[in-house]
Amino acid sequence: MSDYLVIVESPAKAKTIERYLGKKYKVKASMGHVRDLPKSQMGVDTDDEYKPKYITIRGKGDVLKELRSAAKKAKKIFLAADPDREGEAIAWHLAHILNVDENSKCRVVFNEITKDAIKESFKHPRSIDTDLVDAQQARRILDRLVGYNISPLLWKKVKKGLSAGRVQSVALKMIIDREKEIEKFVPEEYWSIEADFQKDKDTFEGAFYGLNGKKLELKTEEDVKNILNALKEKNFTVDKVNKRERKRNPAKPFITSSLQQEAARKLNFRARKTMMVAQQLYEGIDLGKKAGGITGLITYMRTDSTRISETAKQEAKGYIEEKYGKEFLGNNKSEKKKEGSQDAHEAVRPTSALRDPKSIKDILSRDQLRLYKLIWERFLASQMAPAIMDTMTVHLLNNDVEFRATGSKVKFKGFMKVYVESSDDNKKVEDKLLPELSEGMKVKAKDITPNQHFTQPPPRYTEARLVRTMEESGIGRPSTYAPTIDTIQRRNYVNIDNKRFIPTELGGIVNELVEEFFPKIIDVDFTVKMEGDLDSIEEGKTEWVKIIDNFYQDFEKRLEIAEKEMEKIEIKDEPAGEDCENCGHEMVYKMGRYGKFLACSNFPECRNTKPILKEIGVKCPKCKEGNVVERKSKKRRTFYGCDQFPDCDFISWDKPIARPCPKCESLLVEKKSKKESQIKCTNCDYKEKTQD
Numbered sequence: 001m002s003d004y005l006v007i008v009e010s011p012a013k014a015k016t017i018e019r020y021l022g023k024k025y026k027v028k029a030s031m032g033h034v035r036d037l038p039k040s041q042m043g044v045d046t047d048d049e050y051k052p053k054y055i056t057i058r059g060k061g062d063v064l065k066e067l068r069s070a071a072k073k074a075k076k077i078f079l080a081a082d083p084d085r086e087g088e089a090i091a092w093h094l095a096h097i098l099n100v101d102e103n104s105k106c107r108v109v110f111n112e113i114t115k116d117a118i119k120e121s122f123k124h125p126r127s128i129d130t131d132l133v134d135a136q137q138a139r140r141i142l143d144r145l146v147g148y149n150i151s152p153l154l155w156k157k158v159k160k161g162l163s164a165g166r167v168q169s170v171a172l173k174m175i176i177d178r179e180k181e182i183e184k185f186v187p188e189e190y191w192s193i194e195a196d197f198q199k200d201k202d203t204f205e206g207a208f209y210g211l212n213g214k215k216l217e218l219k220t221e222e223d224v225k226n227i228l229n230a231l232k233e234k235n236f237t238v239d240k241v242n243k244r245e246r247k248r249n250p251a252k253p254f255i256t257s258s259l260q261q262e263a264a265r266k267l268n269f270r271a272r273k274t275m276m277v278a279q280q281l282y283e284g285i286d287l288g289k290k291a292g293g294i295t296g297l298i299t300y301m302r303t304d305s306t307r308i309s310e311t312a313k314q315e316a317k318g319y320i321e322e323k324y325g326k327e328f329l330g331n332n333k334s335e336k337k338k339e340g341s342q343d344a345h346e347a348v349r350p351t352s353a354l355r356d357p358k359s360i361k362d363i364l365s366r367d368q369l370r371l372y373k374l375i376w377e378r379f380l381a382s383q384m385a386p387a388i389m390d391t392m393t394v395h396l397l398n399n400d401v402e403f404r405a406t407g408s409k410v411k412f413k414g415f416m417k418v419y420v421e422s423s424d425d426n427k428k429v430e431d432k433l434l435p436e437l438s439e440g441m442k443v444k445a446k447d448i449t450p451n452q453h454f455t456q457p458p459p460r461y462t463e464a465r466l467v468r469t470m471e472e473s474g475i476g477r478p479s480t481y482a483p484t485i486d487t488i489q490r491r492n493y494v495n496i497d498n499k500r501f502i503p504t505e506l507g508g509i510v511n512e513l514v515e516e517f518f519p520k521i522i523d524v525d526f527t528v529k530m531e532g533d534l535d536s537i538e539e540g541k542t543e544w545v546k547i548i549d550n551f552y553q554d555f556e557k558r559l560e561i562a563e564k565e566m567e568k569i570e571i572k573d574e575p576a577g578e579d580c581e582n583c584g585h586e587m588v589y590k591m592g593r594y595g596k597f598l599a600c601s602n603f604p605e606c607r608n609t610k611p612i613l614k615e616i617g618v619k620c621p622k623c624k625e626g627n628v629v630e631r632k633s634k635k636r637r638t639f640y641g642c643d644q645f646p647d648c649d650f651i652s653w654d655k656p657i658a659r660p661c662p663k664c665e666s667l668l669v670e671k672k673s674k675k676e677s678q679i680k681c682t683n684c685d686y687k688e689k690t691q692d
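Residue numbers for the sequence shown follow the UniProt record's numbering, so the first one is 1 and each next one is one higher.
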């Protein structure tokens, strides 16, 4: 018989914690939530202060039986779910089921699953935080009232299987609004003039800046001709040289949203995958007996705080000084709490800065290693000194026509020795050196080249850009971004093309209906205010029933209007332009779990379906009869195969090229990586760079 029973969410977490606590403690897993609102009904009594009706989640019977049995044998029960609203709610539900007094010191929280953190947390148990529970409950009830009222309306008026959620509707509207901006965009012409300058044996690049000391925009070809006519030959004089030293500070350690964004940009991870792998790193990896067995490698990954504990700072400081030298140490200023952030726990960081990725690369899976490396490098760099850049700007004159050349070089790498934050446009920090130039020097322009440009529409949202915009706007919370993005894709409201979201016709219809009948649901300002109101519950400033009631009074009236006035919309299947080979009826495009496919319009009498094959203009190199087509795997990864499958089993992950290898006549394929794209032979060593 164990003296103490500890309940956590997952078996992996339970196994790790039990080893740290010793024989007196038995650690069991609840496997997440044990009670929730019923799926088959609203589960919220709108006539009795929005009381929720909680039921045991289907399939949790055996888990609860085991927990009740263990609870009867224990002298004391500790509830150690995750340190956030969801975790607090899980602990509260368990307390009710197991008859644990929620006011007793039964709740244990920790930000990292390490021996010291676990043992310390059990020295300071507390009662269940009912404000946190109320905050989670309010969000759950609010989302239920929205989803379970609007979704059936959409099923009735549009088609089955649709949904409209509080946060997902705003995210969808953002994607659709961006698409409208792109459609309305009218490109504007503008020009630039670039020059290759030469000073002795050195060459450098410059560009037109202005005329008579003032910046001038070149809007037409006529403007360019006037500037070129004003130039006297190609001789320029160095009018001014500005040199200065510029500091570049490191990025702050990760919070949930910045981790999702950077993992998308650097690792090509979807938000959902990032959180799944981060969960594995948090709950513990078996490092082997010599390295301490099962150990949590990162702190809790659902956070909006960039705060770092003093212990972690000091450990990082020691590592940096020993590995790189004292000059690489940062000043480690305390982070100010960001307005609106909960600041409940630390930033996402490694549990030990001394555990560098190389030391555990053979233990972790490829995805685990890549994400851990990203988190470790970002944290370490955040504690390092700024980089110092030497910059130089040169003003070059020719008959009052001014060109400018800029150059920079890294004088001191500082944090860049370890890590540099990426951006959506993937600009790299590179030295762009200029020769030594001084005022009065003469230089010659070897080439002067005018270039025509057109302004570009705003870019479509990538997953990283959408997460960043939602965070900056105050929509949702870090834990909601991944499931929100996942939902709008599963509902076929958006497609992904070249890693960017494009709204579908169905997404547009749903957005239009919600916008017409429930404008507040997709209003960004209203959503942000609602987030603030919900946070005030967590802070104990507001009663949750009051917040829900303020929303529902207006929402209920709009529901009644929508029921009466929303017209039924019939979405017709798009014809595919070919007939079914089985029954002769027209084939149409359908949307399934793995994207679009072809289906017979005579369904259910005829159940013929076919994948959509996209030809790439290459004959099959294996059977010589079929054509190579683009296909999608179940994980949505593109590959190439013969359209005569299964008679021909040719397959390639790299895109075949429609010409043979000039060296051996074998198949050429295009191999893409983040750094470059190359055409390579599948048989010999021939390769060539692709043209941009």
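Don't be surprised by glycine CBs; every beta carbon is placed ideally from N, CA and C.
For clarity, every value in this text was computed on a predicted model and none was experimentally measured.
Asked: Can we say the stretch 528-543 touches the stretch 131-139, given the rule of at least three CB pairs closer than 8 angstroms?; Found: yes
Asked: For T455, count neighbouring C-beta atoms within 10 Å of its own C-beta (all shown protein chains included) and say buried if the count is 16 or more, exposed if not.; Found: exposed
Asked: What's the C-alpha gap between V545 and T311?; Found: 41 angstroms
Asked: Would you mind working out which of A405, V420 and D447 sits nearest L433, comparing C-alpha positions?; Found: A405
Asked: Who are the near neighbours of I118 in its chain, counting only those whose CB is closer than 8 angstroms to its CB and skipping five residues on each side?; Found: I17, Y20, L21 and F110
Asked: Looking only at its chain, what residues have a beta carbon closer than 7 angstroms to the beta carbon of G293, apart from the 5 residues adjacent to it on each side?; Found: R19, D286 and L287
Asked: Express the C-alpha separation of Q678 and V6 in angstroms, rounding to a whole number.; Found: 55 angstroms
Asked: What residue does the alpha helix (DSSP H) around P483 start on, and which one ends it?; Found: Y481 to R490
Asked: Give the DSSP bridge partners of F236, in chain order.; Found: V443
Asked: Classify Q342 as helix, strand or coil using the three-state DSSP reduction.; Found: Residue placement at Q342 is flagged as unreliable, the pLDDT there being 45, under the threshold of 50; the coordinate-derived value follows with that caveat. Three-state result, Q342: coil.
Asked: Looking at the structure shown, is A207 part of a helix, part of a strand, or coil, going by DSSP?; Found: strand
Asked: Whose CA, out of R659, V44, D116 and G474, lies closest to the CA of V528?; Found: G474
Asked: Which of the three DSSP states is assigned to D533 in this structure?; Found: helix
Asked: Kindly indicate which residue of T393, E377 and E436 has the alpha-carbon position closest to the one of residue 706.; Found: Coverage of the chain is limited to positions 1 through 692, which leaves residue 706 absent and any answer about it impossible.
Asked: Give me the residue from A70, K72 and L94 with the minimum Cα distance to A81.; Found: L94
Asked: Does the stretch 363-383 come close enough to the stretch 154-173 that 3 or more CB-CB pairs lie under 8 angstroms?; Found: no
Asked: Is the Cβ-Cβ distance between Q198 and K499 less than 8 angstroms?; Found: no
Asked: By Cβ distance below 7 angstroms, which residues in the same chain neighbour R178 in space, the five residues on each side in sequence not counted?; Found: P458, R460 and Y461
Asked: Could you check if G340 is buried or exposed, using at least 16 other CB atoms within 10 Å of its CB as the buried criterion?; Found: In this prediction, G340 has a pLDDT of 45, which is less than 50 and means its spatial position is unreliable; what the coordinates show is noted afterwards. Counting Cβ neighbours within 10 Å, G340 comes out exposed, since fewer than 16 surround it.
Asked: Could you pull the start and end residues of the beta strand (DSSP E) that E365 belongs to?; Found: Looking at the sequence shown, residue 365 is not Glu but Ser. No beta strand (DSSP E) holds S365; DSSP gives it neither H nor E.
Asked: Here's the rule: buried if 16 or more other CB atoms are within 10 angstroms of the residue's CB, otherwise exposed. What is F639?; Found: exposed
Asked: Is D356 near the ligand GTP, judged by its Cβ being under 7 angstroms from some heavy atom?; Found: With respect to the ligand GTP, the structure shown offers nothing to examine, as it has no ligands at all.
Asked: Compute the Euclidean distance between the alpha carbons of N249 and T351, then round it to the nearest angstrom.; Found: 23 angstroms
Asked: Taking buried to mean at least 16 other C-beta atoms within 10 Å of its own C-beta, is N149 buried or exposed?; Found: buried
Asked: Using only alpha-carbon positions, find the residue among S305, P52, Y190 and C642 that is nearest to R144.; Found: P52
Asked: Between the stretch 61-81 and the stretch 25-34, do at least 3 Cβ pairs fall closer than 8 angstroms?; Found: yes
Asked: Quickly, what does DSSP pair M275 with across the bridge? List them, please.; Found: The partner list for M275 (beta bridge, DSSP) is empty, contrary to what the question assumes.
Asked: Suppose you measure from the CA of R631 to the CA of G641; what does that come to, to the nearest Å?; Found: 7 angstroms
Asked: Alpha carbon to alpha carbon, how far is V238 from E439? Give it in angstroms, no decimals.; Found: 5 angstroms
Asked: Below 6 angstroms CB to CB, which residues in the same chain sit around A251 once its five sequence neighbours on both sides are set aside?; Found: E421
Asked: State the DSSP-derived secondary structure class of M174, mapped to helix, strand or coil.; Found: helix
Asked: State the Cα-Cα distance for the pair G61 and I97, rounded to the nearest angstrom.; Found: 12 angstroms
Asked: Kindly list the residues whose CB is nearer than 8 angstroms to the CB of E565, restricted to its own chain and excluding five residues on each side of it in sequence; keep chain order.; Found: F517
Asked: Hey, which unbroken runs of the beta strand (DSSP E) at 3 residues or more fall wholly within the stretch 39-104?; Found: 76-79
Asked: Based on DSSP bridge pairs, tell me the residues matched to R677.; Found: Position check: residue 677 holds Ser in this sequence, whereas Arg was assumed. S677 pairs with K672.
Asked: Applying the criterion that 16 or more other CB atoms from any shown protein chain within 10 Å of the CB defines a buried residue, is R270 buried or exposed?; Found: buried
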